[in-house]
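Asks: Residue numbers (our numbering): 2 to 596.
1. Quick check on DSSP: helix, strand or coil for residue 469?
2. If distances are taken between C-alpha atoms only, which option among 318, 558, 66 comes closest to residue 84?
3. Using only CA atoms, which one of 125, 155, 148 lies nearest to residue 113?
4. Looking only at its chain, what residues have a beta carbon closer than 6 Å to the beta carbon of residue 40, apart from the 5 residues adjacent to it on each side?
5. Using the rule of at least 16 other Cβ atoms within 10 Å of the residue's Cβ for burial, across every protein chain shown, is residue 35 buried or exposed?
6. Of all the options 459, 273, 277, which has the alpha carbon lying nearest to the alpha carbon of residue 258?
7. Measure from the alpha carbon of residue 212 to the alpha carbon of each residue in 201, 106, 244, then state which is nearest.
8. Excluding the 5 residues preceding and the 5 following residue 207 in the sequence, name in chain order all residues of the same chain whose CB lies nearer than 6 Å to its CB.
9. Which two residues bound the contiguous alpha helix (DSSP H) that contains residue 33?
10. Count the other CB atoms within 10 Å of the CB of residue 170; is the residue buried (16 or more) or exposed (fewer)?
11. Using C-beta distances below 6 Å, list every residue in its chain close to residue 587, excluding the 5 sequence neighbours before and after it, in chain order.
12. Checking 9 Å against the spacing of the C-beta atoms, do residue 448 and residue 415 come in under that value?
13. Ignore the nearest five residues each way along the sequence and tell me which others in residue 562's own chain have a CB closer than 8 Å to its CB.
14. Measuring CB to CB, does residue 440 end up less than 9 Å from residue 404?
15. Whole-angstrom Cβ separation of residue 153 and residue 191, contact assumed at under 8 Å?
16. Which two residues bound the contiguous alpha helix (DSSP H) that contains residue 193?
17. What do you reckon, are the CB atoms on residue 371 and residue 341 nearer than 9 Å?
18. Just curious, the alpha helix (DSSP H) that residue 501 is in, first and last residue?
19. Output the residue ranges of the alpha helix (DSSP H) runs that lie fully inside the region 117-182 and measure 4 residues or longer, sorted by chain position.
20. Rounded to whole angstroms, how far is the Cβ of residue 129 from the Cβ of residue 149, which I believe are closer than 8 Å?
21. Could you spell out the range, first to last residue, of the alpha helix (DSSP H) harbouring residue 1?
22. Does DSSP put residue 242 in a helix, a strand or coil?
23. What does a CB cutoff of less than 8 Å around residue 107 pick up in its chain, not counting 5 residues either side in sequence?
24. How about residue 538 and residue 554: are their beta carbons less than 9 Å apart?
25. What is the residue span of the alpha helix (DSSP H) that residue 512 lies within?
26. Looking at C-alpha atoms only, which residue of 202, 248, 491 is the closest neighbour of residue 456?
27. What separation, rounded to the nearest whole angstrom, lies between the Cα atoms of residue 574 and residue 560?
28. Who are the near neighbours of residue 521 in its chain, counting only those whose CB is closer than 7 Å to its CB and skipping five residues on each side?
29. Taking the alpha-carbon positions, what's the residue 214 to residue 186 distance?
30. State buried or exposed for residue 120, treating a residue as buried only when at least 16 other CB atoms are found within 10 Å of its CB.
31. With a CB to CB cut of under 7 Å and the five nearest residues on each side skipped, what residues in its chain are close to residue 408?
32. Could you pull out every residue in the same chain whose Cβ sits closer than 6 Å to the Cβ of residue 241, ignoring the five residues on either side in sequence?
33. Compute the Euclidean distance between the alpha carbons of residue 454 and residue 467, then round it to the nearest angstrom.
34. Please go through the same chain and pick out, in chain order, the residues whose beta-carbon is closer than 7 Å to the beta-carbon of residue 79, but skip the five residues on each side of it.
35. Would you mind stating whether residue 267 and residue 297 have Cβ atoms separated by less than 9 Å?
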């Protein structure tokens, strides 16, 4: 007879609010808890013992297979364990036929081996159909334990494998079909995890599901841990610590809480990091792979040689396939020691060979830092950043940090058009149009030779901050891009506007004013507006009295005025106005040095 995953029997208990059904625990519940707590070796021992006592039970076989697949602490089974589990399930199917538990287990293997998603779902539908409740008030309904097992399988699959929406729909369907009080908390736990597999934007749905698990089991430490993980991914320290504290208060042995806190504090508070590392080692399974955390701690406290040596020994002893984050630690150490080639090798190996839900935001930051040191990698790095941002679409703080890495990388590579696109995305997430925003947008646009954007931004800059000089400066730079021949009047207008700011402090802005006046002199010379050219010469002479170049130019302009006047009166020969000395409108006088 099929054992139940969680719901085996109901007893009636009176509570303050009325009648509430209570669920007797499954004899396999302790092993499931060990898997949730990532005590995977202990879980394997538990289910192996259970299977030895009851070798023909499909449910126990299913869970023993789940424990086998969990032996790689990265959360992605190795080929060796996939094959062992496949053999286990196939042999049980030969002996028991198409048992629902075994069909669900084989669907897990099929997904990991890359089988067509439609084929996998067909097998799962068969498992659902053949396991419907046969008697009692729930006769004809889907078996909640089988649906929960399906939810568990998809919760364990990487987010890029399998149809997680299928699992969500099946879990929600069974939840709605049973009486509220009889629903196992595990259904909601797997529902929440599968929401997260769809992407970080579903964090709200996940938290709602985990909360419903707590509503049915107030002592469910794992549900509080999962809520904390969601908020940690959003950098919400107050809320994730609150939930972690609740989880530990219920069950101090819940080791994933401690490693999550270690990860958070490792780079900002090594004392708290070490405390949580010690607690993790105290409560977690003993496994050589966890020496990684000690090696990581050595890195955090600056003992790079010792950390590198430990990481290399772990690479040799267990390999990066068994524990892929060894590659990340090696990359960090090599980067810190100045070996960019080795750092690039290891971080690329990690990024390229692991699903996105196993890659942390700081892993992408390291990849960008290292890969940016090699010219020609900008497109690949940008793709990595976009992948990282997409993995947590609701994490604005992380997106802002990653967009900043992107635009700074493109600036460093003098790829200013790309830098402008990435800065625009960064600014949109940041959501503040302060002086930094206007300055950065205008300066990148100028470097990208985008006069239109630079001019529009500079004008907004001036409007928002009329007493700051850089708005006027970038308005002039933009005008130079748009009016290269200085004959459209655009540069003329920009300089006149800038001068209204510069004349507020002529002593400080003397040279800038002289430069602007000479630009205007050139414009008036080209447009034959010699009277205005004379006025600009006078402006220069007010700042640099008796400057010979300006005095000579003024005289020539005055002469040209007379020539034009005679021509207009019809008197004298039709002589063309003369230009000032060849360098008089191009070489601006310098401010005389003070004695």
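Each residue gets a CB set at the ideal place from its N, CA and C atoms; glycine is no exception.
Replies: In brief:
1. It is coil, neither helix nor strand.
2. Minimum Cα distance to residue 84 is reached at 66.
3. It is 155.
4. Closer than 6 Å at Cβ, skipping near neighbours: 286.
5. Buried, since its Cβ has 16 or more Cβ neighbours within 10 Å.
6. Across the set 459, 273, 277, the C-alpha of 277 shows the shortest separation from the C-alpha of residue 258.
7. Distances from the alpha-carbon of residue 212 to those of 201, 106, 244 put 244 closest.
8. Closer than 6 Å at Cβ, skipping near neighbours: 193, 196, 197, 231.
9. Under the DSSP assignment, residue 33 falls in the alpha helix (DSSP H) whose first and last residues are 30-37.
10. Around the CB of residue 170, fewer than 16 other CB atoms lie within 10 Å, so the residue is classed as exposed.
11. For residue 587, the pLDDT reaches just 46, beneath the cut-off of 50, and the residue's location in the model is therefore unreliable, although a value from the coordinates is still provided. The answer is none, since no qualifying residue turns up.
12. With contacts defined by Cβ atoms closer than 9 Å, residue 448 and residue 415 form a contacting pair.
13. Hits under 8 Å: 531, 532, 535.
14. No, Cβ-Cβ distance for residue 440 and residue 404 is not below 9 Å.
15. Right, the Cβ-Cβ distance comes to about 5 Å (below 8 Å), so this counts as a contact.
16. Taken as a continuous stretch (DSSP letters only), the alpha helix (DSSP H) holding residue 193 covers 186-198.
17. Less than 9 Å separates the beta-carbon of residue 371 from that of residue 341.
18. Boundaries of the alpha helix (DSSP H) around residue 501: 491-503.
19. 118-131, 145-157, 165-178, all fully within the region 117-182.
20. About 12 Å separates the two Cβ atoms, so there is no contact after all.
21. Outside the shown range of the chain, which is 2 to 596, sits residue 1, and nothing can be said about it.
22. Under the three-state reduction of DSSP output, residue 242 falls in the helix class.
23. These residues qualify, in order along the chain: 87, 90, 91, 94, 124.
24. The answer is yes: Cβ separation under 9 Å.
25. Segment 511-527, the alpha helix (DSSP H) holding residue 512.
26. Comparing Cα positions, the closest option is 491.
27. Here residue 574 scores only 49 on pLDDT, less than 50, and its place in the model should not be relied on; the value that follows carries that caveat. Roughly 14 Å separates the two Cα atoms.
28. Around residue 521: 493, 496, 537.
29. The straight-line gap from Cα to Cα measures roughly 4 Å.
30. The residue is exposed, with fewer than 16 neighbouring Cβ atoms inside 10 Å.
31. Excluding the 5 residues flanking it on each side, residue 408 has same chain C-beta neighbours closer than 7 Å at 420, 423, 424, 427, in chain order.
32. For residue 241, where only same-chain residues beyond five positions count, the Cβ hits under 6 Å are 229, 232, 233.
33. Between residue 454 and residue 467, the C-alpha separation is close to 19 Å.
34. For residue 79, where only same-chain residues beyond five positions count, the Cβ hits under 7 Å are 73, 322, 323.
35. It is a contact, given that the beta carbons lie within the stated cut-off.
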